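In the numbering used here, the protein residues as written are 65 to 179.
Cβ atoms here follow ideal geometry from the backbone N, Cα and C, with glycine treated the same way.
The structure presented is a predicted model; accordingly, all values stated were derived computationally and were not measured.
Here is the structure we will look at, set down as structure tokens.
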Amino acid sequence: MRGTSPKRTTGPERAAIPERTADPAPRAGRLRRGWRELGAGLHEFYAAPYRRTFARARRDQDDLFTMMVMSEALGVPTPTGLLSLELLPAIYEDFHDWHRRAGMDRSPLEGIGCC
């Protein structure tokens, strides 16, 4: 079959090329949502093993803060005693949990009876 060229297809026999939509916003929104979900999944994957450690470190910091604020009331003189008096109302809510974690069965303060 010499001299014949390959047959070119035109018209309806040709493979259909999908048309692009006029508005790329829905596709971009799905892509953004997918990246956001992937990022949230990766964050959870890496942070989950350390969640308990982070919670313990935060609780230790909160206990130290409570100790510093309550130290003047406990009889330990501090240079920030007058400034920490303003924070006492915020500390009273967590005071019971704090003195239990510190190993005190009853409130160490005479004026604060929580147990």
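Exposure of residue 107, with buried meaning 16 or more beta-carbon neighbours within 10 Å: By the neighbour-count criterion, in which 16 or more other beta carbons inside 10 Å mark a residue as buried, residue 107 falls on the exposed side.
Distance cut-off 7 angstroms: residue 178 Cβ against heavy atoms of the ligand SAM: Of ligands this structure carries none, so the ligand SAM is not represented either.
Local Cβ density within 10 Å of residue 140, reported as buried at 16 or more and exposed below that: exposed
Straight-line gap, residue 155 to residue 145 (C-alpha atoms, nearest Å): 14 angstroms
Option nearest residue 150 by Cα separation, candidates 168, 160 and 136: 136
Spatially closest choice to residue 166 from 148, 147 and 129, by CA coordinates: 129
Through-space distance from residue 94 to residue 121, alpha-carbon basis: 38 angstroms
Counted within 10 angstroms of its Cβ, other Cβ atoms place residue 131 as buried (16 or more) or exposed: exposed
Backbone secondary structure at residue 171 - three-state DSSP: DSSP, reduced to helix, strand and coil, places residue 171 outside both helices and strands of the structure shown, so it counts as coil.
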